[in-house]
Amino acid sequence: MVTQYKNLINGKMVDTGEWMDVVNPANEEVIGQVPACGEAQLDEAVAAARAAFKTWKKSTFEERQAACMAISGAIKENADELFRLLTSEQGKPHAQAKGEIFGAAGISAAQSTLQLEEEIIQDDDTRLHRHRRVPVGVVGGIVPWNFPVMMAIQKIVPALMAGCTIVLKPSPFTPLATLRIAELIADKVPAGTVNIITGEDSLGPLITGHPDIDKITFTGSTATGKKIMEGAAGDLKRITLELGGNDASIVLPDADPKKVAEQLFWSSFQNAGQVCIAAKRVYIHEDIYDELSAAIAEYAKSVVVGDGSEQGTGVGPIQNKKQYERVLELIQDAKDNGYKFLTGGDKDPSGSGYYVPITILDNPPEDARIVAEEQFGPVMPLMKFSSEDEVIERANNSDYGLAGAVWTADHDKGVEIAEQLETGTVWINEFMHLSPFAPFGGHKQSGFGAEYGKEGLKEFTYPQVITVKKDNVVA
586 MVTQYKNLIN
596 GKMVDTGEWM
606 DVVNPANEEV
616 IGQVPACGEA
626 QLDEAVAAAR
636 AAFKTWKKST
646 FEERQAACMA
656 ISGAIKENAD
666 ELFRLLTSEQ
676 GKPHAQAKGE
686 IFGAAGISAA
696 QSTLQLEEEI
706 IQDDDTRLHR
716 HRRVPVGVVG
726 GIVPWNFPVM
736 MAIQKIVPAL
746 MAGCTIVLKP
756 SPFTPLATLR
766 IAELIADKVP
776 AGTVNIITGE
786 DSLGPLITGH
796 PDIDKITFTG
806 STATGKKIME
816 GAAGDLKRIT
826 LELGGNDASI
836 VLPDADPKKV
846 AEQLFWSSFQ
856 NAGQVCIAAK
866 RVYIHEDIYD
876 ELSAAIAEYA
886 KSVVVGDGSE
896 QGTGVGPIQN
906 KKQYERVLEL
916 IQDAKDNGYK
926 FLTGGDKDPS
936 GSGYYVPITI
946 LDNPPEDARI
956 VAEEQFGPVM
966 PLMKFSSEDE
976 VIERANNSDY
986 GLAGAVWTAD
996 HDKGVEIAEQ
1006 LETGTVWINE
1016 FMHLSPFAPF
1026 GGHKQSGFGA
1036 EYGKEGLKEF
1046 TYPQVITVKK
1056 DNVVA
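One rule links them: number in our numbering = place in the sequence shown (from 1) + 585.
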């Protein structure tokens, strides 16, 4: 019998009587059902959040921290169940799913320490100027399918810490672990502060346009982000958008191919490449290109593509059929154009599951679709470059600006190049490291606003200045 998961509205687990199937991408079997919510359920959730906000906005820092620590504890205490459930709906291998679950618990605990202190701008014989941050109100959170638990937590926790309440919509592809967490925290946070409802993609625009939602926080594609901006414009909702990326890694000639090959591989292929900050374009200096490209291709042979629940699997399936077909289309385009493959390019037509072979391309042209577009799959184009100025220009020649990396034995040189890249985050000799205390956000069409750190917390607040004229001041 397929397990049915309920929504969290006003502190209670509820359903609509109408259900949506959730499919395991490893075998295309239905593994759960979730409520199919529409406008009526959204209105109910927003009303609960609005009512709870009246009290929660007055809560103390300690009360907010206690709620977020309770969320962290519930996730950590049930991590074994949650990471297995996450693998079954998302596809990522158990080790990576476990990392996401414990990462979500850690982020919740870390961000519960963040506080926006009041600032005294002026305090003299004439006036007192106080600058403080006040909560925006009811937040609408829309979460993608690649890191469904992590992305849910990084919206829920700062909203609560800012004094806001939230209505969260998981992706219809990956709602199960999030709804299980909802059940675990239903009696641990004040009723109405956190509401989690599920529905088809059509629910998203209803959230964006809802007159009683004050802010939207969204992680997903740039195309959808533009639609959210349009939907939020009617009543000038505050928005935070963490959107797509076509992240470039630059490997300088002093990098050791033997040391960096494995790290570069995983910078592209973690979570089957379904990471907004994965390396999607890898530029290697011509002096080490042949050696390093061969080393990456050789390492790829040791990585097993398969069901994430099976021991030894390194790369799981693509999460859903639509994305699976898009990745295959990009690979076919590369084949049709005669580009050279170091690995991959052909898919075994037998069996079920959305599996794409590890695919590494050998120096395709800059205007190839598989280079110019965000692949969001297990695809890695390797390209040669000859000078620093050339590679910086090529790396910056993108509508996106989310993240990037520089690989070099010379840290100072790495920083020099990093400072010229038009991205929100740049790593030197590593990849995908994010701190809950450092802001994360994109440049250009990779979005705007920030998540994490105090900058991320500010996204859920308005500035307010209170000025008190002293009694002895003559008007």
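All C-beta atoms, glycine included, are put in the ideal place defined by N, C-alpha and C.
This one's a predicted model, so the numbers in the text were calculated from it and none came from an experiment.
As a quick exercise: from the options, pick the residue whose alpha carbon is nearest that of residue i.
| i | options | result |
| --- | --- | --- |
| K1054 | V912, G901 and H714 | H714 |
| E704 | A694, D710, G691 and R718 | R718 |
| P942 | V1000, D931 and Q917 | D931 |
| R765 | I813, Q650 and G617 | G617 |
| Q681 | A885, V1011, P757 and D892 | D892 |
| A659 | A689, E647, I945 and D947 | A689 |
| A857 | Y874, A817, G901 and K886 | G901 |
| S697 | P1048, L1042 and A990 | L1042 |
| V742 | Y874, K1039, V607 and D1056 | K1039 |
| F646 | V779, K597 and E702 | E702 |
| P966 | S972, V976, E973 and P950 | P950 |
| F668 | I801, S983, S894 and Y1047 | S894 |
| Q1030 | G1009, T588, A882 and G936 | G1009 |
| D628 | E910, L753 and I955 | L753 |
| N780 | T711, R635 and V888 | R635 |
| K597 | Y1047, I782 and S971 | I782 |
| V860 | P729, V607 and A767 | P729 |
| N592 | D606, F687, S644 and A621 | A621 |
| V723 | A744, H716, R712 and I813 | A744 |
| Q1049 | H716, L699, H679 and Q908 | H716 |
| Q917 | A637, N595, Q960 and S834 | Q960 |
| G725 | R823, Q1005 and L987 | R823 |
| L915 | L927, I955, I903 and N905 | I955 |
| M586 | V599, G602, F1033 and D606 | D606 |
| L699 | G748, D665 and E662 | G748 |
| A988 | I903, K925 and G1032 | G1032 |
Should residue i go down as buried or exposed, given a rule of 16 or more other Cβ atoms within 10 Å for buried?
| i | result |
| --- | --- |
| I1051 | exposed |
| M736 | buried |
| P760 | buried |
| L821 | exposed |
| E685 | buried |
| Q739 | buried |
| M968 | buried |
| Q855 | buried |
| Q707 | exposed |
| D1056 | exposed |
| S852 | buried |
| S971 | exposed |
| P720 | buried |
| R649 | buried |
| D832 | buried |
| M746 | buried |
| A818 | exposed |
| G784 | buried |
| H905 | Looking at the sequence shown, residue 905 is not His but Asn. So N905 counts as buried. |
| P610 | buried |
| D799 | buried |
| T898 | buried |
Quick one: measure Cβ to Cβ for residue i and residue j, integer angstroms, because I've assumed they're closer than 8 Å.
| i | j | result |
| --- | --- | --- |
| V867 | V836 | 7 Å |
| G938 | N612 | 5 Å |
| A953 | A994 | The pair is not a contact, with the Cβ atoms about 30 Å apart (cut-off 8 Å). |
| N777 | A633 | In the sequence as displayed, the identity of residue 777 is Gly instead of Asn. Between A633 and G777 the Cβ distance is about 4 Å, and since that is below 8 Å, they are a contact. |
| P1024 | A695 | Not really, about 14 Å apart at Cβ, beyond 8 Å. |
| G1026 | E827 | 7 Å |
| Y985 | G805 | Incorrect: roughly 14 Å between the Cβ atoms, too far for contact. |
| F803 | I727 | 5 Å |
| Y590 | V619 | 5 Å |
| A990 | V1011 | 7 Å |
| N981 | E1004 | The Cβ separation is near 12 Å, so there is no contact. |
| T711 | V734 | Actually they are not in contact, since the Cβ atoms of T711 and V734 sit about 52 Å apart, beyond 8 Å. |
Does the CB of residue i have a neighbour CB from chain C at under 8 Å?
| i | result |
| --- | --- |
| Q675 | The chain inventory of the structure shown lacks chain C, comprising one protein chain alone. |
Counting Cβ pairs closer than 8 Å, one from the region 650–661 and one from the region 785–795, do we hit at least three?
-> no
Indicate whether the contact test is met: 3 or more Cβ pairs, each with one atom in the region 836–852 and one in the region 875–886, closer than 8 Å.
-> Contact holds: three or more Cβ-Cβ distances are below 8 Å.
Does the pairing of the region 854–865 with the region 1013–1031 give three or more beta-carbon distances under 8 Å?
-> yes
Cβ contact check for the region 994–1012 and the region 670–680: 3 or more pairs under 8 Å | Short answer: they don't touch.
Scan the region 682–738 and note each continuous beta strand (DSSP E) run of 3 residues or more that stays entirely inside, going in chain order.
-> 704–708, 712–720 and 723–727
In chain order, which continuous runs of the beta strand (DSSP E) of length 3 or greater are located wholly inside the region 767–845?
-> 779–781, 800–804, 823–827 and 833–836
Within the chosen definition, does the region 807–823 reach the region 746–763 through at least 3 CB pairs nearer than 8 Å?
-> no
Quick one: complete alpha helix (DSSP H) runs, 4+ long, within the region 904–932?
-> Segments of the alpha helix (DSSP H) lying fully in the region 904–932: 906–921.
3 or more residues per run - each beta strand (DSSP E) lying fully within the region 932–957 | 944–947
Write down every uninterrupted run of the beta strand (DSSP E) in the region 613–682 whose length is 3 residues or greater and which is fully enclosed by it, in chain order.
-> 614–620, all fully within the region 613–682.
Which ranges would you report for the alpha helix (DSSP H) in the region 1008–1055 if only whole runs of at least 4 residues count?
-> 1038–1043
Considering only residues of the region 855–885, which uninterrupted alpha helix (DSSP H) runs meet the minimum length of 4 residues and lie entirely inside it, listed in chain order?
-> 874–885
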